[in-house]
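Enquirer: Counting from 1, one number per residue, gives the positions in the sequence shown under the UniProt record's numbering. All C-beta atoms in this analysis are idealised placements derived from N, C-alpha and C, irrespective of residue type, glycine included.
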Amino acid sequence: MANSQLLAPELSEAETIGAETARFEELLLQASKELQQAQTTRPESTQIQPQPGFCIKTNSSEGKVFINICHSASIPPPADVTEDELLQMLEEDQAGFRIPMSLGEPHAELDAKGQGCTAYDVAVNSDFYRRMQNSDFLRELVVTIAREGLEDKYSLQLNPEWRMLKNRTFLGSISQQNIRSQQRPQIQELGNLDTPDSRRHEEGPEKPHLNLWLEAPDLLLAEIDLPKLDRALGLSLEIGENRLVMRGPQQLYHLDAYIPLRVNSDESRAAFHRKRKQLMVAMPLLSVPS
Numbered sequence: 001m002a003n004s005q006l007l008a009p010e011l012s013e014a015e016t017i018g019a020e021t022a023r024f025e026e027l028l029l030q031a032s033k034e035l036q037q038a039q040t041t042r043p044e045s046t047q048i049q050p051q052p053g054f055c056i057k058t059n060s061s062e063g064k065v066f067i068n069i070c071h072s073a074s075i076p077p078p079a080d081v082t083e084d085e086l087l088q089m090l091e092e093d094q095a096g097f098r099i100p101m102s103l104g105e106p107h108a109e110l111d112a113k114g115q116g117c118t119a120y121d122v123a124v125n126s127d128f129y130r131r132m133q134n135s136d137f138l139r140e141l142v143v144t145i146a147r148e149g150l151e152d153k154y155s156l157q158l159n160p161e162w163r164m165l166k167n168r169t170f171l172g173s174i175s176q177q178n179i180r181s182q183q184r185p186q187i188q189e190l191g192n193l194d195t196p197d198s199r200r201h202e203e204g205p206e207k208p209h210l211n212l213w214l215e216a217p218d219l220l221l222a223e224i225d226l227p228k229l230d231r232a233l234g235l236s237l238e239i240g241e242n243r244l245v246m247r248g249p250q251q252l253y254h255l256d257a258y259i260p261l262r263v264n265s266d267e268s269r270a271a272f273h274r275k276r277k278q279l280m281v282a283m284p285l286l287s288v289p290s
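1. Here's the rule: buried if 16 or more other CB atoms are within 10 angstroms of the residue's CB, otherwise exposed. What is Pro227?
2. Cutting at 7 Å between CB atoms, please list the residues of its own chain near Arg168, excluding the five before and the five after it.
3. So is the beta-carbon of Ser135 under 7 Å away from any non-hydrogen atom of the ligand ZN?
4. My output table needs one value for Gly149: the three-state DSSP class, helix, strand or coil.
5. What number of angstroms, rounded off, separates the C-alpha of Ala271 from the C-alpha of Ser102?
6. According to DSSP, simplified to helix, strand and coil, what is Glu223?
7. Which residue marks the beginning of the beta strand (DSSP E) containing Asp121, and which one marks its end?
8. Alpha carbon to alpha carbon, how far is Leu252 from Gly204?
9. Using DSSP bridges, identify the partner residues of Tyr253.
10. Pull up the CB-CB distance for Val263 and Leu255, whole angstroms please, since I reckon it's below 8 Å.
11. Which of the three DSSP states, helix, strand or coil, is assigned to Leu138?
12. Span of the beta strand (DSSP E) holding Arg247?
13. For Lys153 and Gly114, I'd like the C-alpha separation in whole angstroms.
14. Near Pro249, which residues of its chain fall below 7 Å by C-beta distance, leaving aside the five closest residues on each side in sequence?
15. Note down the Cα distance separating Ala74 from Ile48, rounded to an integer number of angstroms.
16. Is the Cβ-Cβ distance between Thr118 and Pro106 less than 8 Å?
17. Run through the region 261-289 for me and flag every whole beta strand (DSSP E) of 3 or more residues, listed as ranges in chain order.
18. Using the Cα positions of Leu58 and Pro160, report the straight-line distance between them to the nearest angstrom.
19. Buried or exposed for Asn211, going by 16 or more other Cβ atoms inside 10 Å?
20. Between which two residues does the beta strand (DSSP E) holding Phe170 run?
21. Which whole-angstrom value is the C-beta distance of Val281 and Leu221, which I expect to be below 8 Å?
22. Name the two residues that bound the continuous beta strand (DSSP E) containing Thr58.
23. DSSP on Glu161, reduced to helix/strand/coil?
24. Evaluate Gly104 with the Cβ neighbour count: other Cβ atoms within 10 Å of its Cβ, from every protein chain shown; 16 or more gives buried, anything less gives exposed.
25. How many whole angstroms separate the CB atoms of Lys64 and Asp121, which I take to be in contact at a CB cut-off of 8 Å?
26. Report yes if the CB atom of Ile174 is closer than 8 Å to the CB atom of Asn68, and no otherwise.
27. With H, G and I counted as helix, E and B as strand and the rest as coil, what does DSSP make of Gln177?
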């Protein structure tokens, strides 16, 4: 049964606080805890030893920062697209391409002058790394995504200016990392999986882009791009076992999407991210896909 009251209370609280990202993380943590309490097993993890690749130097307000770009065959590769296709994807939809990465913990090191600094290890798929070695574009993209990932994970503010070290492939030592045995797979884009009723009129509400993926075997996440909205006022959201329906204020948006998994609508949560202009939805699953 659809829950038409899912969105309003969550978004009202999120907007009052004014910290959409923190609120959404809180919602995801709450959903994950509820799922873990109901299960006797947890997703397995695998320990890997990343191999050195290249090292870049940048800085933060706390001093010098080095990022060791490493690689491992245990990390899944990104989608196999050409650079032209990737460039077009990035121009049209910044969230449409993902590079799986493992972000290591910070470790204190000494630089070439014997001064204290901080180093991070970031690992990508080995095959993708070899491809990246021959492409300045891919190398720049990986460094940018790695830097942004470290900023988000560790609440950093890194200087976007960086340079690659010429005489060493890593700084300090590269530690082992734990990665989930079941990585976060992209299921598919659902832009063409809407029901026939949502195409009744050629002119009318815009159908927003929906990005859907498995965050864990039992947790489905969705991002709905709403660039015309500055806040959640007027948004409505209904979630059934295998259907998501969202309507925007003043008929700006309408999304009616089939979800190829059974969703627990009662435990689902949503929040609107005003900076990204996205509606983010966390949906626990009633049954784990095989």
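Expert: Quick answer:
1. For the purposes of this step, residue 227 is taken as the residue at position 227 of the sequence shown. It counts as exposed.
2. To locate residue 168, count along the sequence shown from 1; it is residue 168. Cβ within range, chain order: Cys55.
3. Among the components modelled here there is no ligand, and therefore nothing to report on the ligand ZN.
4. The sequence position of residue 149 within the sequence shown is 149, counting from 1. Gly149 falls in the helix class under three-state DSSP.
5. Within the sequence shown, residue 271 is the residue found at index 271, counting from 1. Within the sequence shown, residue 102 is the residue found at index 102, counting from 1. Approximately 26 Å, taken between the alpha carbons.
6. Translated into positions along the sequence shown, residue 223 becomes position 223. Annotated three-state conformation of Glu223 is strand, per DSSP.
7. Locating residue 121 in the sequence shown gives position 121, counting from the first residue. Its beta strand (DSSP E) spans residues Gly116 to Asn125.
8. Counted from its first residue, the sequence shown places residue 252 at position 252. Counted from its first residue, the sequence shown places residue 204 at position 204. Spanning the two alpha carbons is a distance of roughly 8 Å.
9. Here the question's residue 253 lines up with position 253 in the sequence shown. Bridge pairing for Tyr253: Glu206 [DSSP].
10. Locating residue 263 in the sequence shown gives position 263, counting from the first residue. Locating residue 255 in the sequence shown gives position 255, counting from the first residue. Contact flag wrong, Cβ pair sits at about 15 Å.
11. Looking up residue 138 in the sequence shown gives position 138. Correct three-state label for Leu138: helix.
12. For the purposes of this step, residue 247 is taken as the residue at position 247 of the sequence shown. Here the beta strand (DSSP E) through Arg247 covers Arg243 to Arg247.
13. Working through the sequence shown from its first residue, we reach residue 153 at position 153. Working through the sequence shown from its first residue, we reach residue 114 at position 114. If I take the Cα positions, the gap works out to 28 Å.
14. Here residue 249 is taken as the residue at index 249 of the sequence shown, counted from 1. Shown here for Pro249: same chain residues with a beta carbon closer than 7 Å to its own, the five before and five after excluded, namely Leu233, Gly234 and Leu235 in chain order.
15. On the sequence shown, position 74 is the one that residue 74 refers to. On the sequence shown, position 48 is the one that residue 48 refers to. At residue 74 the sequence reads Ser, which differs from the Ala that was named. Distance from the CA atom of Ser74 to the CA atom of Ile48, rounded to whole angstroms, is 7 Å.
16. Taking the sequence shown and counting its residues from 1, one reaches residue 118 at position 118. Taking the sequence shown and counting its residues from 1, one reaches residue 106 at position 106. Between Thr118 and Pro106, the gap from beta carbon to beta carbon is short of 8 Å.
17. With a minimum length of 3 residues, the continuous beta strand (DSSP E) runs that stay inside the region 261-289 are 269-273 and 278-284.
18. Reading the sequence shown from its first residue, position 58 is the one you call residue 58. Reading the sequence shown from its first residue, position 160 is the one you call residue 160. The identity of residue 58 in the sequence shown is Thr, whereas the question assumes Leu. Thr58 and Pro160: Cα-Cα distance of roughly 8 Å.
19. Locating residue 211 in the sequence shown gives position 211, counting from the first residue. It counts as buried.
20. The residue labelled residue 170 in the question sits at position 170 within the sequence shown. Counting along the chain, Phe170 falls outside any beta strand (DSSP E), and DSSP gives it neither H nor E.
21. Translated into positions along the sequence shown, residue 281 becomes position 281. Translated into positions along the sequence shown, residue 221 becomes position 221. Right, their Cβ atoms sit about 7 Å apart.
22. As a working note, residue 58 is residue 58 in the sequence shown. Segment Gln51 to Ser60, the beta strand (DSSP E) holding Thr58.
23. For the purposes of this step, residue 161 is taken as the residue at position 161 of the sequence shown. Residue state, collapsed to three classes: coil.
24. Taking the first residue of the sequence shown as 1, we reach residue 104 at position 104. Buried is the call here.
25. Looking up residue 64 in the sequence shown gives position 64. Looking up residue 121 in the sequence shown gives position 121. In fact, because the Cβ distance is near 16 Å, the residues do not count as touching under 8 Å.
26. Stepping through the sequence shown from its first residue, residue 174 is reached at position 174. Stepping through the sequence shown from its first residue, residue 68 is reached at position 68. It is a contact, given that the beta carbons lie within the stated cut-off.
27. Residue 177 sits at position 177 when you count from the first residue of the sequence shown. Of the three classes helix, strand and coil, the one that applies to Gln177 here is strand, per DSSP.
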